[in-house]
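Visitor: In our numbering, the protein residues as written are 33 to 465.
Just so you know, even glycine gets a beta-carbon here, dropped at the ideal spot from N, CA and C.
Just so it is clear, the structure is predicted and the values come from calculations on it, not from any experiment.
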Ligand code: EPZ
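#1: Quick one: what's residue 343 bridged to in DSSP?
#2: Alpha carbon to alpha carbon, how far is residue 249 from residue 199? Give it in angstroms, no decimals.
#3: Once DSSP output is grouped into helix, strand and coil, what is the label at residue 48?
#4: Rounded to whole angstroms, what's the CA-CA distance from residue 313 to residue 342? Just pull it up for me.
#5: Are there any heavy atoms of ligand 1 lying less than 7 Å away from the beta-carbon of residue 275, as far as the coordinates show?
#6: DSSP state of residue 443, grouped into three classes?
#7: Drop a sphere of 10 angstroms on the beta-carbon of residue 351, count the other beta-carbons inside from all chains shown, and report buried for 16 or more, exposed for fewer.
#8: In terms of residue numbering, what span does the alpha helix (DSSP H) encompassing residue 308 cover?
#9: Return the CA-CA distance between residue 379 and residue 75, expressed in angstroms with no decimal places.
#10: Counting along the chain, where does the beta strand (DSSP E) carrying residue 247 start and finish?
#11: My output table needs one value for residue 89: the three-state DSSP class, helix, strand or coil.
#12: By DSSP's criteria, residue 387 is part of a beta bridge. Which residues make up the other side?
#13: State the DSSP-derived secondary structure class of residue 112, mapped to helix, strand or coil.
#14: Taking all protein chains shown into account, decide if residue 180 is buried (16 or more other Cβ within 10 angstroms of its Cβ) or exposed.
#15: Pick helix, strand or coil for residue 368, following the three-state DSSP scheme.
#16: Since residue 451 and residue 50 are thought to touch, with beta carbons under 8 Å apart, how far apart are those beta carbons, to the nearest angstrom?
#17: For residue 63, does the count of other Cβ atoms within 10 angstroms reach 16, so buried, or fall short, so exposed?
#18: If you check the beta carbons only, do residue 53 and residue 321 fall under 8 Å apart?
#19: How about the stretch 390–398 and the stretch 422–434: do they share at least three Cβ pairs that are nearer than 8 Å?
#20: Would residue 129 and residue 205 qualify as a contact pair, given that the criterion is a beta-carbon distance under 8 Å?
#21: Here's a check: name, in chain order, each residue in its chain whose Cβ is nearer than 8 Å to the Cβ of residue 408, leaving out the five neighbours to either side.
#22: Within 8 Å, do at least three Cβ pairs link the stretch 205–217 to the stretch 132–151?
#23: For residue 361, is the classification buried or exposed, using 16 other Cβ atoms within 10 angstroms of its Cβ as the cut-off for buried?
#24: What do you reckon, is the C-beta of residue 225 under 7 Å from a heavy atom of ligand 3?
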């Protein structure tokens, strides 16, 4: 392992007491980036609020600016105004596209609105192959042609037409892209085996507010009747259920009590049930959820990640940390990304007792964790590494903090406000930053 470069910030975490306090949720990373992409479809401005202060937002802004969209992002106000001023560009800036997976959400809107898109393959977390074949197959069914080149794909269509598309897998990104493309296609599109993540339902509701005709929102079968044009809209980004789950797991893990506000409890049914099964007390009151460690010893539980409404893969690493502290054998099965167990090695270095057998990780607990230097790996593994540090003896150093910055707004200040001993070190941000 190469020593951390002096210029790369790291988070230094010391195990300590329980986390206690209140968190008001930010807007969802996996929603706001697609809402931003939808501005490519509109004749008029899209005004977003509750925009989270995460680094993926300005990156998506750069992608869209490269596509002729005027982007006015006020980080402090949590607002972002997007309006197309030049719709001739078909190729977004390669350096921005290759940094985040969500850039692929521009593909469908570009082909639908401008008749073509030239795309470098998207970037994002290294948690699996993450191809875009389902996106491209769906656009082909709607009449587009796809050419694969050395530096990406070129997708063209004079005018997309409606189609009946059955997705091999309920892909979040493919569902979003194809719904957005279908809003301006000629005729009716039916997408079967569509993903049902809450962020997709929210995107559909925003598109309807822009004039789209969509039914079956939130179900596995989404029907879209194409229209001639979509107008601008003002829209509030839905709360980040993965951010909520991360802090609520941390409450159970550290034996504390954390209250999360502006959450949609129905988006977290399984994670909340698994926390309760593990012995945490979970209290739901309107859009507020409070979790505290209800028992001295956490109980083992089995977790199986699946497309929504299954247990979200984006909470798998965080849940694994919790299960290292459960008294007994737990099992975590990862069905969405083939390489999302890379975090296991990090936990083992801290003393966790985990055996991986294909899709299954078998965890034996409770194990006393000791501090280590961890690679950030990806957004969720990075956050989970910090959570592990909160219950480890000694200091845990989490590197590659840029991963965490992609998906968690003000992660360090918020954790410190809950009583965590964590500081950011090495990038000029103040120690509490
Ligand atoms: C979105 O990724 C999220 N990212 C991911 O969150 C999340 O884990 C994932 O959905 C599942 O919920 C964003 O929204 C930006 P998929 P996406 O298409 O759209 C395979 C985080 O931490 N697949 O549902 O890429 C793919 O390889 C991130 O916030 C194909 O094979 O997810 C994967 O194994 C991580 N071909 C599975 O499907 C395709 O054309 C799920 O992918 C598309 C997907």
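Guide: Answer, in terms of the structure:
#1: 337
#2: C-alpha separation (whole angstroms): 16 Å.
#3: coil
#4: 21 Å
#5: No, the Cβ of residue 275 stays beyond 7 Å of every heavy atom of ligand 1.
#6: helix
#7: buried
#8: Counting along the chain, the unbroken alpha helix (DSSP H) around residue 308 starts and ends at 301–309.
#9: 49 Å
#10: 245–247
#11: helix
#12: 394
#13: strand
#14: exposed
#15: In the structure shown, residue 368 sits in coil (DSSP, three-state: anything other than H, G, I, E or B).
#16: 7 Å
#17: Buried, because 16 or more other Cβ atoms sit within 10 Å of the Cβ of residue 63.
#18: no
#19: no
#20: no
#21: 414, 417, 430, 431, 432, 433, 434, 435, 436
#22: Taking 8 Å as the limit for Cβ pairs, the verdict is that the stretch 205–217 does touch the stretch 132–151.
#23: Residue burial annotation: residue 361 is exposed, with fewer than 16 other C-beta atoms found within 10 angstroms of its C-beta.
#24: Looking for ligand 3 in the displayed structure turns up nothing; the ligands present are ligand 1.
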